[in-house]
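Note that my numbering has the sequence shown beginning at 24, numbered continuously upward.
Using N, Cα and C, we set each Cβ at its ideal position, and we do this for glycine too.
These notes are about the structure you will find just below.
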Amino acid sequence: MQPTWILIAALTVSVPAIARADDDVKGTFDWRLPKRSYVWDGGAVPFLYLPLALTIGLKFTSPRAEPLMFASTEGGAHYDGGQYPSAMLYVGAGVAGATILLGGDDSRWHHVKGFLQGVLTTQLLTHTAKNTFGRHRPHYDLAEGAVNDDDRRRSFWSGHSSSTLATATYLGLYARYHLFNRWRPPGTLPWWEVAAYTGLAVAALAVPYSQYALNRHHASDVITGGLVGAGVSTLFFVYQERRYRRDKAQPGDTSRPEPFELSIVPNTSINGITIVGTW
């Protein structure tokens, strides 16, 4: 857990204290104080503050001495000490958060919280898995054995991969439903939007690939981490999107919100793809 995440989580609470989205006028800010419930509602306690606290605690614990479900003979690969700069992950998260916050959509506060919930919950699951499985990294020194530092026994699953895909997935979904929808017909997926998602995916996948290519992680580490990060972020996006639609339709109404469409199927129309299905 880096101090950066502590700062980001703190901003989730402090920023709304001086500004909030004005749901009556889309794309503008209202400088009045927000509702106090923003600090604790919407799953903030179990999926934001608790994961943050537990992840910090896990940083002071060691992984198991012998790998669980993995061979103790893994290791011995060459490693020159390089890896994808962690600072770039924080830059990416900052860009994603700023895009959501400043994108001019009245769903911003729901999804700022959802984004942080996705990333912090992913971090908690990742650090828990690393300590639980204690898998040797590819460059684990078999000759040194127990003398290896704790980091060399934290291979499964990749934190770089899970964090990056969590960030990219949430940003992609937010762009689909709250940014790009301003410039395309409803339910379509034009070529320029496909190009944007492709660029985002390539940039995100470069991180886990570099971790594998540099012998920081096994292939299964980066694949599993990516799937976990993408899956967790998708769940929190759907959760916050449903809360946003419910709150916007009728504040205080806890009835079932309007269906939220997320799946895609091919279409022979000129636009290429149509969005169908409900959550």
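Original post:
Taking the C-alpha atoms as reference points, what is the distance between Val217 and Thr96?
Top reply: Approximately 43 Å between the Cα atoms of the pair.
Original post:
Once you ignore the five residues that flank His101 on each side, which residues in its own chain have a CB closer than 8 Å to its CB?
Top reply: Same-chain partners within the cutoff: His162, Asn238.
**OP:** Could you tell me the distance, in whole angstroms, from the CA atom of Thr211 to the CA atom of Tyr200?
**Re:** The alpha-carbon atoms of Thr211 and Tyr200 are separated by roughly 11 Å.
**OP:** Thinking Gly98 and His183 are a contact (beta carbons under 8 Å), I'd like their distance in whole angstroms, please.
**Re:** With a contact defined as Cβ atoms closer than 8 Å, Gly98 and His183 miss out at about 19 Å.
Original post:
Under 8 Å between the Cβ atoms of Thr187 and Gly104?
Top reply: Cβ distance not < 8 Å, so Thr187 and Gly104 don't count as in contact.
Subject >> Nearest-angstrom Cα separation, counted from Leu223 out to Phe259 >> reply: Cα-Cα distance, rounded: 19 Å.
Original post:
Apart from the five residues on each side of it in sequence, which residues of its chain come closer than 6 Å, Cβ to Cβ, to Ala191?
Top reply: Excluding residues within five positions, the ones whose Cβ falls inside 6 Å are Leu223, Ala227.
**OP:** Provide the residue span of the alpha helix (DSSP H) that contains Pro231, from first to last.
**Re:** It spans 214-236 - the alpha helix (DSSP H) in which Pro231 sits, taken as one unbroken run.
Original post:
Using the C-alpha atoms, what's the distance from Asn171 back to Asp164?
Top reply: Cα atoms of Asp164 and Asn171: separation of roughly 7 Å, rounded to the nearest angstrom.
Original post:
Would you report the Cα separation of Arg207 and Pro90, rounded to the nearest angstrom?
Top reply: Each residue's Cα considered, the two are about 50 Å apart.
**OP:** Could I get the ranges of all uninterrupted alpha helix (DSSP H) runs contained in the segment 88-129, with 4 residues as the minimum, in chain order?
**Re:** For the segment 88-129, whole alpha helix (DSSP H) runs of length 4 or above, ordered along the chain, are 109-125.
Original post:
Using the C-alpha atoms, what's the distance from Ser109 back to Gly248?
Top reply: Computed Cα separation, rounded: 16 Å.
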